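Worksheet: one structure, shown below.
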Amino acid sequence: MRRLALLLSLTALLLTGCGGTTGEVENQAYALVLGIDRADTGGIELTMRIPRIGHPGDSNAGGEASGSPYLVLSAAGEDYAQALEHLQWAAARELNLSHVKLIVASEELASDAAFPELISRVAETRHLYTTAGFVVCEGRARTFIKGQEIILGTRLSSELAAMFRHYAAHGYIPRATFADLYYATRSCYSDPVGIWGFMDAGEKPAAATITDDEDRLNADTLTASARQYLGGALFREGRMVRRLTAGETLGLDLLTGRVDTFSFDVGGETCMLSTITNPRRQVKLDGDRVTVEADLRLTAEDSSDRALLDRAEGELARTLEALVRRCQTLGVEPFGFAERAAMHFPTYQRWISYDWRAHFSTAEIIINVDIRSSGG
Amino acid sequence: MNNKLSRSAATASAGAAVISRLFYGLMVDAPEVHNGAWLSALLGLILSLPVLWLICRAAKRGRRPFLLCALLVSSALDAAGMLEATAFSESCVAFNHIPTVVLMLPLLLAVGRCLWLGGDALGASARVWMRAFVPLMLVVILYQWPYYRPAWLFPALGFGMRGVLHGSLRAAGWIVIIGGAAVLLCGERQFKRVCGSLSIAVAVVGLLILLRLMMAPVMDAAGLGQRTQLDALLTNGRAPMYLQLPMIIIYCVGMLHLLCFESWAASALLQRVIPQMSGFPAGILTLSAVALMALLPSTISLDLWRLPVMLIAALVPFGREAAVCDG
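Residue numbers (our numbering), protein chains in the order written: chain B, 349 to 724; chain W, 4 to 330.
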């Protein structure tokens, strides 16, 4: 008994992490949203959204209006490390990046040649866990983050998580985390995709961006938030090359098996479709000739009209083939075909020297869609 | 300090130590092997078997001071390396910036306690750990299941056969040190039993390696640093955040057990080399040597030399063939 007590006492002396007051929740600045942008001076500007632990009406708070439960801080530096150091000072507390839910990069910076290196610097930041969602925003990241609001929930962190989960399940946005961006940029497989974020300027309804053809407005869509997330951002070798519309994003999610239920318009008639299994993707290599094949199996939730479903099969296959060809023209491959092609090579060096992107851009694309009625 | 090791304790503790050593060595310390790591583990087992057979024969024939010395020095050196590696790993997951040297102190206390309690206590704790490891690992696999990408296992040879062979030589060296020390200290003479236990350990390592490879893809050469590899293992951004705790527990407990086993083995082997030395001075000497070697900067990598050295040591017939040495 004495030995046990002695052992426990000695062990307690080793709990050095519990000493002092710096570890207390109120004494840390938990960043929920991190924004990265090009500073006016040409360096890097970082913006963070931090919850205020305490009364929202705290008269000592700076930054936003004192009634807001969140604080937005910005700091610039010559590079990322310096900007982060300046932000440490601006936060006036120990900056804790372990709860970052969203990383937002401006479109201008994401398209910059220096962005690939910046991705690595951010991913390697101590205790920045890269499970955060990744958004490329229109305009300035600071402006985008300042305008974020809580619409239905009580906390921004759960609001963002619930919203992205809902959007991703229906194919409105890709399932994109910063970790996916980092790994895809540094590895030898398919290219990554980010979520596209834009500001509702109120000049045109959000419905305009849901259709690919902006002249076709079916109805006004009233949204409560000034910050919208719809569509994706396509990356090649760590740089953004193009925005994806909502329709293209849905196609991408379908081909990568990341959408559960979605609606598809066939000549004015809308079908509600669900995926049965993940798409079967095959890549055949025959010398320099590459054939890429994808088989999708879907079920129609609300229609048993075989003629309509046959038309939907053809239309969906054509839409997906057009999307893949568009990406071939850009030299980008975000569909996961590279992972299939890599199976044909024994070593990393041989795979790299094959130059998958060059072969993909001339590949033959075959997309098969099979839609079954839910009635059988 | 008890320098005896029963056969059941040897099986459990050496098996757990081999799992930790191979996994750390091939996935964190030698990431140039990457996709080929599972093959390196398998080839390493095959390369180690002839040397282990020679060590089993040596165990039957009595004291072999040269072999004992070679194993003693290798165990102590590896323990020093693992002390540094464990402290470094802890500094990566710690909330504050803590010097690695400070983190070594509680580890040395734990090692000292193990040396005091002896080999059978180490074996008993290994058996308890194995029982906890399985459900923890099942929980991790269950929640990581949607995130596994089998396609990332290819290209299957990673950076090439040269890397795989390097990895297999290193793996063989580690297996021989841990397995060889356990064999000599428990007096195991049945080579089949040794094969069986190590094969199970290497199979478990192979599975862990495949699971890890499916969680983060092979990256370019610049992404091969230890810290990057630890991040990819423990906080890779793809696994749910709540899995960090079980994964850190599995990793840290495994590393601690490995450190304790190698240190205890070095201390017990020292007592075999110098039979007149009692347990307490042997333990203090071993602990001091391990701590000192961990603090000194290492410029030479001995990993590739371990297997050849062990092979020579097992073959050299130094020492009279006295009465059979019991564990």
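We put the beta carbon where it would ideally sit given N, CA and C, even for glycine. Keep in mind that this is a model prediction, so the values were computed, not measured.
Give, in chain order, every residue of the stretch 156-168 of chain W whose Cβ lies closer than 7 Å to some Cβ of chain B. Flagged, chain order: F157, P158, A159, L160, G161, F162, G163.
I want to see whether chain W comes within less than 8 Å of A387 (chain B), judged by CB atoms only; does it? no
What are the boundary residues of the beta strand (DSSP E) that includes D385 (chain B)? It spans 381-386 - the beta strand (DSSP E) in which D385 (chain B) sits, taken as one unbroken run.
State the Cα-Cα distance for the pair I252 (chain W) and D636 (chain B), rounded to the nearest angstrom. C-alpha separation (whole angstroms): 48 Å.
Can you confirm whether the stretch 662-679 of chain B touches the stretch 4-17 of chain W when touching is taken to mean that 3 or more C-beta pairs between the two stretches lie within less than 8 Å? The stretch 4-17 of chain W is not in contact with the stretch 662-679 of chain B.
Residue-level contact to chain W via CB, A517 (chain B), 8 Å cutoff: So, not an interface residue.
Give the residues of chain B in contact with R241 (chain W), contact being defined as C-beta atoms less than 9 Å apart. T478, T479, T525, A527, D528, Y531
Is A423 (chain B) helix, strand or coil when you go by DSSP? strand
Got a sec: is the Cβ-Cβ distance from P249 (chain W) to anything in chain B below 8 Å? Any Cβ of chain B closer than 8 Å to the Cβ of P249 (chain W) would place that residue at the interface, and such an atom is absent.
If you draw a straight line from the C-alpha of R698 (chain B) to the C-alpha of V638 (chain B), how long is it? 16 Å
Run the CB neighbour count on R397 (chain B), radius 10 Å, all protein chains shown included, and call it buried at 16 or more, exposed below. Buried, by the Cβ-count rule.
Less than 7 Å between C-beta atoms, sequence neighbours within five positions excluded: which residues of the same chain meet that for L237 (chain W)? V96, Q247, M250, I251, Y254
Nearest-angstrom Cβ-Cβ length linking L272 (chain W) and V54 (chain W), presumed shorter than 8 Å: That pair is no contact at about 16 Å.
Out of B:H518, B:R488, B:T647, B:E663, which one is the CA nearest neighbour of T597 (chain B)? B:H518
Span of the alpha helix (DSSP H) around V143 (chain W): 122-147
N-terminal and C-terminal residue of the alpha helix (DSSP H) that A670 (chain B) is part of: 654-678
Rounded separation between L476 (chain B) and V448 (chain B) - CA only: Going by the C-alpha atoms only, they are around 7 Å apart.
Leaving out the 5 sequence neighbours to the left and right, which residues in its chain are closer than 6 Å to S611 (chain B) when beta-carbon positions are compared? T618, M620
Give every residue of the same chain whose Cβ lies closer than 7 Å to the Cβ of T89 (chain W), excluding the five residues on either side of it in the sequence, and list them in chain order. L110, M258, L259, L262
Rounded straight-line distance, which links the Cα of V672 (chain B) to that of R587 (chain B): 19 Å
Taking CB distances under 8 Å as the criterion, tell me whether Q576 (chain B) reaches chain W. no
Presumed contact (8 Å Cβ cut-off) between G161 (chain W) and N38 (chain W), rounded CB distance: 4 Å
Where do the ends of the beta strand (DSSP E) carrying P158 (chain W) lie? That residue, P158 (chain W), is in no beta strand (DSSP E); it is neither H nor E in DSSP.
Chain B beta carbons: is any one of them nearer than 8 Å to that of P220 (chain W)? Taking Cβ atoms only, chain B reaches closer than 8 Å to P220 (chain W), which makes this a yes.
Check whether M691 (chain B) and F157 (chain W) have beta carbons under 8 Å apart: yes
Proximity of R705 (chain B) and G684 (chain B) at Cβ, strictly below 8 Å: no
Could you say if the stretch 412-432 of chain B and the stretch 450-457 of chain B meet the contact criterion of at least three C-beta pairs nearer than 8 Å? no
Looking only at its own chain, which residues have a Cβ that is under 7 Å from the Cβ of S622 (chain B), when we skip the five neighbours before and after it? D608, T609, L646, T647, E649
Alpha carbon to alpha carbon, how far is L466 (chain B) from A510 (chain B)? 28 Å
Are the C-beta atoms of M217 (chain W) and some chain B residue less than 8 Å apart? no
Using 8 Å as the limit for Cβ to Cβ distance, is T289 (chain W) near chain B? no
Identify whether A377 (chain B) lies in helix, strand or coil by the three-state DSSP scheme. strand
Closest to L188 (chain W) by CA distance: which of W:C117, W:Q274, W:A83 is it? W:Q274
Quick one: is G545 (chain B) buried, meaning 16 or more other Cβ sit within 10 Å of its Cβ, or exposed? buried
What does the alpha-carbon distance come out to for the pair A471 (chain B) and L445 (chain B)? 11 Å
Do D539 (chain B) and E681 (chain B) have their C-beta atoms within less than 8 Å of each other? Cβ atoms of D539 (chain B) and E681 (chain B): closer than 8 Å.
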